[in-house]
Amino acid sequence: EADIYQTPRYLVIGTGKKITLECSQTMGHDKMYWYQQDPGMELHLIHYSYGVNSTEKGDLSSESTVSRIRTEHFPLTLESARPSHTSQYLCASSEYRGTQFTGELFFGEGSRLTVL
Amino acid sequence: AQSVTQPDIHITVSEGASLELRCNYSYGATPYLFWYVQSPGQGLQLLLKYFSGDTLVQGIKGFEAEFKRSQSSFNLRKPSVHWSDAAEYFCAVGDEEKLTFGTGTRLTIIP
Numbered sequence: 675e676a677d678i679y680q681t682p683r684y685l686v687i688g689t690g691k692k693i694t695l696e697c698s699q700t701m702g703h704d705k706m707y708w709y710q711q712d713p714g715m716e717l718h719l720i721h722y723s724y725g726v727n728s729t730e731k732g733d734l735s736s737e738s739t740v741s742r743i744r745t746e747h748f749p750l751t752l753e754s755a756r757p758s759h760t761s762q763y764l765c766a767s768s769e770y771r772g773t774q775f776t777g778e779l780f781f782g783e784g785s786r787l788t789v790l
Numbered sequence: 009a010q011s012v013t014q015p016d017i018h019i020t021v022s023e024g025a026s027l028e029l030r031c032n033y034s035y036g037a038t039p040y041l042f043w044y045v046q047s048p049g050q051g052l053q054l055l056l057k058y059f060s061g062d063t064l065v066q067g068i069k070g071f072e073a074e075f076k077r078s079q080s081s082f083n084l085r086k087p088s089v090h091w092s093d094a095a096e097y098f099c100a101v102g103d104e105e106k107l108t109f110g111t112g113t114r115l116t117i118i119p
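Shown next, in the form of structure tokens:
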């Protein structure tokens, strides 16, 4: 069973507020990801990290930012939330065994954000 | 650029019937291919993956998928579905750098 946790699971917030979505994993995985998921749409990669102090932007431009100060923790922050940020955000991690990509992403249960 | 097409948005199948979910991909080289499942309120879970070798791969929960290079397809199959298979299924293609997911197919099981 995957050990990756996201909080909060659900968040309703007003426009202009700052929010942070937390993601933690206890598997010691180096690579972590944030995906944005909307109904009927593909999952869009918005951020990823190769390890501590590494952050990269994904395919979908996002106004959010991420940080990776510790291996197990990969929070996502929105400085000023807007209704267009309403979505589900999925955090994931993956393991590299030496130089071999195993291919398996472990996902959290998601954080559903609603901005009014 | 890599892409994934899942042409069926929603499929309804009777319990005990067979299932096939379609997936077509576009990728510049030999792809890594995946099927993930998402149950309501849950994160995605890996069902199976194809890296190389035998083109018919077995996964968890009785699922299998067949890689057909000539058709750029990686369809998911199950001979007899169970009510617990109701979920959203995502096909993905990629490599060590990133995965690209399809839009998903929602599976409904009727008694």
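Quick note, the sequences are listed as chains U and W, same order.
First residue of the first sequence: 675, per the working numbering; consecutive thereafter.
First residue of the second sequence: 9, per the working numbering; consecutive thereafter.
A virtual CB, placed ideally from N, CA and C, is assigned to each residue, including glycine.
Computed from a predicted model, the values in this text were never measured in an experiment.
Buried or exposed by the 16-neighbour rule on C-beta atoms within 10 Å, applied to residue i
i          : result
Thr-788(U) : exposed
Lys-86(W)  : buried
Ala-9(W)   : exposed
Gly-110(W) : buried
Asp-93(W)  : buried
Trp-708(U) : buried
Ile-678(U) : buried
Met-701(U) : exposed
Ala-755(U) : buried
His-18(W)  : exposed
Gln-710(U) : buried
Met-715(U) : exposed
DSSP-derived helix/strand/coil call for residue i
i          : result
Ile-68(W)  : helix
Ser-130(W) : Within the shown structure, residues of chain W are numbered from 9 to 119, placing residue 130(W) beyond reach of any answer.
His-18(W)  : strand
His-718(U) : strand
Arg-77(W)  : helix
His-703(U) : coil
Ser-738(U) : coil
Ser-758(U) : helix
Ala-100(W) : strand
Phe-780(U) : strand
Thr-111(W) : coil
Asn-83(W)  : strand
Phe-42(W)  : strand
Ala-766(U) : strand
Cys-697(U) : strand
Whole-Å CB distance - residue i paired with residue j, under 8 angstroms assumed
i          : j          : result
Leu-41(W)  : Tyr-58(W)  : 4 angstroms
Cys-190(W) : Gln-14(W)  : Not covered by the structure: residue 190(W). The range shown for chain W is 9 to 119.
Met-763(U) : Ser-785(U) : Here residue 763(U) is Tyr; the residue named in the question, Met, does not match the sequence. Indeed, because the Cβ distance is near 5 angstroms, the residues count as touching under 8 angstroms.
Val-45(W)  : Leu-55(W)  : 5 angstroms
heavy atom of the ligand HEM below 7 angstroms from residue i C-beta
i          : result
Thr-760(U) : What this structure holds is no ligand at all, so the ligand HEM is not there to describe.
Please name the residues in the stretch 50-79 of chain W whose beta-carbon is closer than 8 angstroms to at least one beta-carbon of chain U, in chain order.
Gln-50, Gly-51, Leu-52, Gln-53, Leu-54, Lys-57 and Phe-59
Using a Cβ-Cβ cut-off of less than 9 angstroms, give me the residues of the stretch 26-40 of chain W that come near chain U, in sequence order.
Tyr-40
Residues from the stretch 705-716 of chain U in contact with chain W, defined by Cβ distance under 7 angstroms
Gly-714, Met-715 and Glu-716
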